[in-house]
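S.K.:
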Amino acid sequence: MTSAVLNASIKGIVVIAFCAAGILKVTDNIAPEVHNELQKDFAELAKVHPLKVWFGVDVNAELNRVAIGYSQVICALLLLVGPKAVKLASTSVLLAIETMAMQGFYWLGKPAAMFAPAAIGTMVLMADLFKIRR
Numbered sequence: 001m002t003s004a005v006l007n008a009s010i011k012g013i014v015v016i017a018f019c020a021a022g023i024l025k026v027t028d029n030i031a032p033e034v035h036n037e038l039q040k041d042f043a044e045l046a047k048v049h050p051l052k053v054w055f056g057v058d059v060n061a062e063l064n065r066v067a068i069g070y071s072q073v074i075c076a077l078l079l080l081v082g083p084k085a086v087k088l089a090s091t092s093v094l095l096a097i098e099t100m101a102m103q104g105f106y107w108l109g110k111p112a113a114m115f116a117p118a119a120i121g122t123m124v125l126m127a128d129l130f131k132i133r134r
């Protein structure tokens, strides 16, 4: 009983965290200062995006921010209500997003504190991934 409550609580926290992060990326109606900071971060991250670094393709920072925001919200909701295969796919997409964020911050030479949210999100998603696979 306790493990079921703990698993449901962790799942709820993951869904709320990724939905909130995605919504903040998409709209400035909730927290304009956070949204503006995210716009600046995505403008910096666009300079070291893998498509730009490896293939020389310029990445539109605004489009990237909005696409990642919507992806986070959709994948988080699918983690909550989707079947097992969809949950695995959603977790994979969220892990890719978190990995790209950490890689971008590393390539920009940002301090380790910038990695913390993505690193924690990655660890929680990995734990959830192992739980889903069972």
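Residue 4 in the numbering used here is what sits at position 4 of the sequence shown, and the numbering runs on without skipping anything.
Here a beta-carbon is modelled for each residue, glycine too, at the ideal position from N, C-alpha and C.
(1) What is the DSSP secondary structure of H49, reduced to helix, strand or coil?
(2) For I13, which of S92, R65, A76, P83 has the nearest alpha-carbon?
(3) Buried or exposed: which applies to F55, given that a residue is buried once 16 or more other Cβ atoms fall within 10 Å of its Cβ?
(4) Would you report the Cα separation of M114 and F105, rounded to the nearest angstrom?
(5) Is it the case that the Cβ atoms of L125 and L94 are separated by a distance below 7 Å?
(6) Select from T91, V26, L6 the residue whose C-alpha is nearest the C-alpha of F42.
(7) Please identify the residue among A8, A21, N7 whose C-alpha is closest to the C-alpha of A118.
(8) May I ask you to report which of helix, strand or coil DSSP gives P83?
(9) Which of the three DSSP states, helix, strand or coil, is assigned to N60?
(10) Candidates A4, L45, A67: which alpha carbon is nearest L24's?
(11) Under three-state DSSP, which class holds D128?
(12) Where D218 and V48 are concerned, what is the direct C-alpha to C-alpha distance, given to the nearest angstrom?
M.R.: Considering the structure as presented:
(1) Coil at H49, not helix or strand.
(2) I13 has its Cα closest to that of A76, out of S92, R65, A76, P83.
(3) When all chains shown are included, F55 counts as exposed.
(4) Roughly 7 Å between the two C-alpha positions.
(5) yes
(6) V26
(7) A21
(8) When secondary structure is reduced to three states using DSSP, P83 falls in the coil class, being assigned neither helix nor strand.
(9) coil
(10) A67
(11) The three-state secondary structure of D128, taken from DSSP, is helix.
(12) Lying before the first or after the last residue shown, residue 218 is absent from the chain, which here runs from 1 to 134.
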